[in-house]
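Student:
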Amino acid sequence: MRLKVALPVPLPQAFDYAPPPGTPTPVAADVGRRLRVPFGPRDLVGVVVAVADAADAADAVDSSALRHAHAWLDQTPLLQGELLASLRWLARYTHAPLGEVIATALPTLLRQGEPLPSTASWGWRLTELGQQQRSRLREGSKPRQLADALQADAVDEELLDVLHPGWRSAARSLAKRDLAERIELAADASVPAPQPGPALNEDQRRAVDAVLASDGFSPFLLDGVTGSGKTEVYLQLIADCLQRGKQALVLVPEIGLTPQTLGRFSARLGVPVHALHSGLNDGERARTWAACLRGEARVVVGTRSAIFCPLPEPGLIVVDEEHDGSYKQQDGIRYHARDFALVRAKALDIPVLLGSATPSLETLHNADSGRYLTLRLPQRAGNAQPPSVRVIDARKRLLEGGLLPETLQQIRRTVDAGGQVLVFKNRRGYAPVLLCHDCGWSAHCKRCSTEQQLTPMTVHAGGRRLQCHHCGARQPTPPACPDCGGLALQPQGIGTERLEEVLGEKFSDIPIFRIDRSTTQRRDALAKQLQAIGDQPGILIGTQILAKGHDLPQLTLVVVVGVDEGLFSADFRAGEKLAQLLIQVAGRAGRALKPGQVWLQTHHPDHPLLTTLINGGYHAFARQEKQQRELAGFPPFGHLALMRAEAKHIDTAREFLQAARHALGQSDTTLEIQGPLPAPMPRRAGFHRAQLLLSAPQRRDLHRRLDEALPRIPALLEARKVRWSLDVDPVDLY
Numbered sequence: 001m002r003l004k005v006a007l008p009v010p011l012p013q014a015f016d017y018a019p020p021p022g023t024p025t026p027v028a029a030d031v032g033r034r035l036r037v038p039f040g041p042r043d044l045v046g047v048v049v050a051v052a053d054a055a056d057a058a059d060a061v062d063s064s065a066l067r068h069a070h071a072w073l074d075q076t077p078l079l080q081g082e083l084l085a086s087l088r089w090l091a092r093y094t095h096a097p098l099g100e101v102i103a104t105a106l107p108t109l110l111r112q113g114e115p116l117p118s119t120a121s122w123g124w125r126l127t128e129l130g131q132q133q134r135s136r137l138r139e140g141s142k143p144r145q146l147a148d149a150l151q152a153d154a155v156d157e158e159l160l161d162v163l164h165p166g167w168r169s170a171a172r173s174l175a176k177r178d179l180a181e182r183i184e185l186a187a188d189a190s191v192p193a194p195q196p197g198p199a200l201n202e203d204q205r206r207a208v209d210a211v212l213a214s215d216g217f218s219p220f221l222l223d224g225v226t227g228s229g230k231t232e233v234y235l236q237l238i239a240d241c242l243q244r245g246k247q248a249l250v251l252v253p254e255i256g257l258t259p260q261t262l263g264r265f266s267a268r269l270g271v272p273v274h275a276l277h278s279g280l281n282d283g284e285r286a287r288t289w290a291a292c293l294r295g296e297a298r299v300v301v302g303t304r305s306a307i308f309c310p311l312p313e314p315g316l317i318v319v320d321e322e323h324d325g326s327y328k329q330q331d332g333i334r335y336h337a338r339d340f341a342l343v344r345a346k347a348l349d350i351p352v353l354l355g356s357a358t359p360s361l362e363t364l365h366n367a368d369s370g371r372y373l374t375l376r377l378p379q380r381a382g383n384a385q386p387p388s389v390r391v392i393d394a395r396k397r398l399l400e401g402g403l404l405p406e407t408l409q410q411i412r413r414t415v416d417a418g419g420q421v422l423v424f425k426n427r428r429g430y431a432p433v434l435l436c437h438d439c440g441w442s443a444h445c446k447r448c449s450t451e452q453q454l455t456p457m458t459v460h461a462g463g464r465r466l467q468c469h470h471c472g473a474r475q476p477t478p479p480a481c482p483d484c485g486g487l488a489l490q491p492q493g494i495g496t497e498r499l500e501e502v503l504g505e506k507f508s509d510i511p512i513f514r515i516d517r518s519t520t521q522r523r524d525a526l527a528k529q530l531q532a533i534g535d536q537p538g539i540l541i542g543t544q545i546l547a548k549g550h551d552l553p554q555l556t557l558v559v560v561v562g563v564d565e566g567l568f569s570a571d572f573r574a575g576e577k578l579a580q581l582l583i584q585v586a587g588r589a590g591r592a593l594k595p596g597q598v599w600l601q602t603h604h605p606d607h608p609l610l611t612t613l614i615n616g617g618y619h620a621f622a623r624q625e626k627q628q629r630e631l632a633g634f635p636p637f638g639h640l641a642l643m644r645a646e647a648k649h650i651d652t653a654r655e656f657l658q659a660a661r662h663a664l665g666q667s668d669t670t671l672e673i674q675g676p677l678p679a680p681m682p683r684r685a686g687f688h689r690a691q692l693l694l695s696a697p698q699r700r701d702l703h704r705r706l707d708e709a710l711p712r713i714p715a716l717l718e719a720r721k722v723r724w725s726l727d728v729d730p731v732d733l734y
């Protein structure tokens, strides 16, 4: 017998090995186990994907020529039936090597060959000395807050992450003084008692009943306005899963949503809720993955990569904010977690629920075609009313830090009335451009610019630092213009840092919180900020991080600044993305009993996208946009693949793509090939970029041509000189 092993190398085939010396004859049950094998001069960790008879005439290999695997790494398969089959499908669909797809699915430590970790829970408790001295700790300090939380009993670390963000430094402080200690917990420790939820309204009840009545695989679209109570529907369905002894997986688009979601789910369900996302360290991710594999993790909440977790007792998959672009992996194996969730749910024969207030056009098309059953939540929950929207014409008006005088006045009125304000600007940093007013020079990234197209560096830290948001390059702001020596260097435009500065000057008596990628990089940073904000009156300045699912009941005014930047993009999805973003950020206002307002500053108040959204809502916009897509043959009415090439010289990239185009064959009625074309961003991190765009009316024709051509492309002479990739179903063309 021989083993066919998938390895993490950029080659499509599995590799044949003899079993490790002195081990039993392999059987079919060994498929999915990891082993360590020799590969050239290296040792690699692979996964068995088939066991074959050495004398099999269909695939005969001289068994004496086979190299022996070094050792088995698992007693039982890590990748069991359904998950391995689904990963095979993903490899075929993305045209990626199976070994690299499997490596993407495994946590880092398991990919490196580490043993499957123990899933024992760890927590903290006060020592006897800590119990005695707790009251002596300074009232309100982090150590005192943690000590108060541990007073009654030990608390699980995952629960502390949810209930007390930032607790770890306080725990270290207490431990140094022998006031607290870390202990291994019993399996049922620190599990909160389940709490009853609010009564469902008629629409929510109808949605829950429809999913519960489904049999096996059933895809649902939960189309609910912002604040309509989609999460309550999720919770009811997950509770039913738990009663039946099943597992539930909930995908959310951003790491920042997981603390809020975990807290709400833990309080309601009465079981540990496990997080799985890139913000965890390698050990934490491996332990959660192992808990999923063993069926111990009954409820899992995670971001994109959580779709790869094992579900031996599956009951339900939920994809919250299904429209969000962060579900698409943009490098490596370019999968879409929402689409793969549908594939897994079908293989597992369970319902999958896609939730959104602004469904993607692809999802709406599938619902309109009858592939998904639509469940609607047309009203906000709890008698909350939708916010009123006011479009403010900024033409020929004097702006103060990007804000109109009446906008500043409304901010003051809102805060004085006890409310919170969100000033939304989807551009972090201080300013997008640094310009010399004497000669016109602008600061640009030397690694991402070409002679024809300069890529500006963003001004950060109040003007003290320049950073490229594409390649990450940083440099100090020059004291004088490098071209003319002039001192008239001025930041142009507005970012969140500059808004923070301006609003801090205007409202020095009001708490101001800036929430963007720069302020939320550290673990639990977003949860800490939201906890600090609480219900107090204040001003939040945020990017799209705050547009995604956060519940801020005291937020009554949303001011949208810089909407014009998204109105004239060449990206065919730009209108859809902008419409979704505007609806989502507007939905943060007035989610409790207080009425909300949205003020939209724009120099294009009559733009069709804005007037359609305001007068007809998102679905009116979506109907118009679908008509335009159908005329152009763009998704969801056509199917795309993007072949990208990067090289130190643009001609090298073009030559490779020209050879690849020849391998793909001629354009015809089944497949159109455009290019080689410069990428919309023609250079990044020192590499010139070009691309081929493939489009086909039928998905099968696109994949057929790719299946025929791709085996020949790595052998092209030009392929050795470039970095190239294939993106099936690209969400953008950059």
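In the UniProt record's numbering, the protein residues as written are 1 to 734. Here a beta-carbon is modelled for each residue, glycine too, at the ideal position from N, C-alpha and C.
1) Could you give the uninterrupted runs of the beta strand (DSSP E) lying entirely in the region 91-172, keeping only those of 3 residues or more?
2) Does DSSP put Val-433 in a helix, a strand or coil?
3) At which residues does the beta strand (DSSP E) containing His-604 begin and terminate?
4) At the level of alpha carbons, what is the spacing between Cys-241 and Arg-683?
5) Within its chain, find whatever has a CB closer than 6 angstroms to the CB of Ala-170; leave out the 5 residues flanking it on each side and keep chain order.
6) Should the region 424-440 be regarded as contacting the region 481-492, the criterion being three or more beta carbon pairs within less than 8 angstroms?
7) Roughly how many whole angstroms lie between the Cα atoms of Ala-57 and His-703?
8) Enumerate in chain order the residues of its own chain whose CB-to-CB distance from Gln-698 is below 8 angstroms, with the five nearest sequence positions on each side excluded.
9) For Gly-590, which three-state DSSP category applies?
10) Just to confirm my understanding: we take Phe-572, look at its own chain, exclude 5 residues before and 5 after, and list those with CB closer than 6 angstroms. What are they?
11) Taking the CB atoms as reference points, tell me whether Ala-589 and Pro-387 lie closer together than 8 angstroms.
12) Would you say Ile-541 and Arg-517 are within 8 angstroms of each other, going by their C-beta atoms?
13) When we look at the beta-carbon of Arg-720 and count the other beta-carbons within 10 Å, is it buried (16 or more) or exposed?
14) Using the DSSP secondary-structure output, state which residues sit across from Arg-683 in a beta bridge.
15) Taking its Cβ as the centre, do 16 or more other Cβ atoms sit within 10 Å of Thr-414, making it buried, or is it exposed?
16) Three-state secondary structure (DSSP) at Glu-181?
17) In whole angstroms, what separates the C-alpha of Gly-46 from that of Ala-28?
18) What residue does the alpha helix (DSSP H) around Asp-707 start on, and which one ends it?
19) Could you work out which residue in Gln-75, Gln-467, Ile-510 is closest to Ile-411 when comparing CA atoms only?
20) If you run the structure through DSSP and keep just helix, strand and coil, what is Glu-406?
21) Taking only runs that begin and end inside the region 309-338, name each unbroken beta strand (DSSP E) of 3 or more residues, in chain order.
22) Checking the sheet assignment: what are the DSSP bridge partners for Ile-392?
23) Helix, strand or coil: how does DSSP classify Ala-57 here?
24) Per DSSP, what kind of secondary structure is Arg-376 in: helix, strand or coil?
25) Could you check whether Val-598 and Val-563 sit closer than 8 angstroms to each other, using their CB atoms as the reference points?
26) Which stretch, first to last residue, makes up the beta strand (DSSP E) that contains Gln-546?
27) Which residue's Cα is closest to the Cα of Ala-663: Asp-707, Arg-700, Thr-303?
28) Within a Cβ cutoff of 6 angstroms, which residues of the same chain sit near Ile-614, ignoring the five residues on either side of it in sequence?
29) Between which two residues does the alpha helix (DSSP H) holding Phe-621 run?
30) Measure the C-alpha to C-alpha separation of Thr-519 and Arg-371 and round it to an integer number of angstroms.
31) Whole angstroms is fine: what's the gap from Ala-525's alpha carbon to Val-273's?
32) Buried or exposed: which applies to Trp-724, given that a residue is buried once 16 or more other Cβ atoms fall within 10 Å of its Cβ?
33) Indicate the three-state DSSP secondary structure (helix, strand or coil) for Lys-176 in the structure shown.
34) Relative to the alpha-carbon of Glu-321, which residue among Pro-479, Gln-330, Ala-547 has its alpha-carbon at the smallest distance?
35) Write down the C-beta distance between Pro-107 and Arg-285 rounded to the nearest angstrom, noting that I regard them as a contact closer than 8 angstroms.
36) For the putative contact between Ala-207 and Leu-375, defined by C-beta atoms under 8 angstroms, what is the C-beta separation to the nearest angstrom?
Tutor: Reading off the structure:
1) 122-126
2) strand
3) Counting along the chain, His-604 falls outside any beta strand (DSSP E), and DSSP gives it neither H nor E.
4) 49 angstroms
5) Lys-142, Pro-143, Leu-146
6) yes
7) Any reading at Ala-57 is ruled out, since the residue's pLDDT is 43, under 50, leaving its predicted position unreliable.
8) His-639, Thr-670
9) coil
10) Phe-634
11) yes
12) no
13) exposed
14) His-688
15) buried
16) strand
17) 16 angstroms
18) 699-709
19) Ile-510
20) helix
21) 314-320
22) Gln-601
23) With a pLDDT of 43 at Ala-57, under the threshold of 50, the predicted position of this residue should be treated as unreliable, and no value is reported.
24) strand
25) no
26) Contrary to the premise, residue 546 reads as Leu rather than Gln in this sequence. No beta strand (DSSP E) holds Leu-546; DSSP gives it neither H nor E.
27) Asp-707
28) Val-389
29) 618-632
30) 41 angstroms
31) 20 angstroms
32) buried
33) helix
34) Ala-547
35) 4 angstroms
36) 4 angstroms
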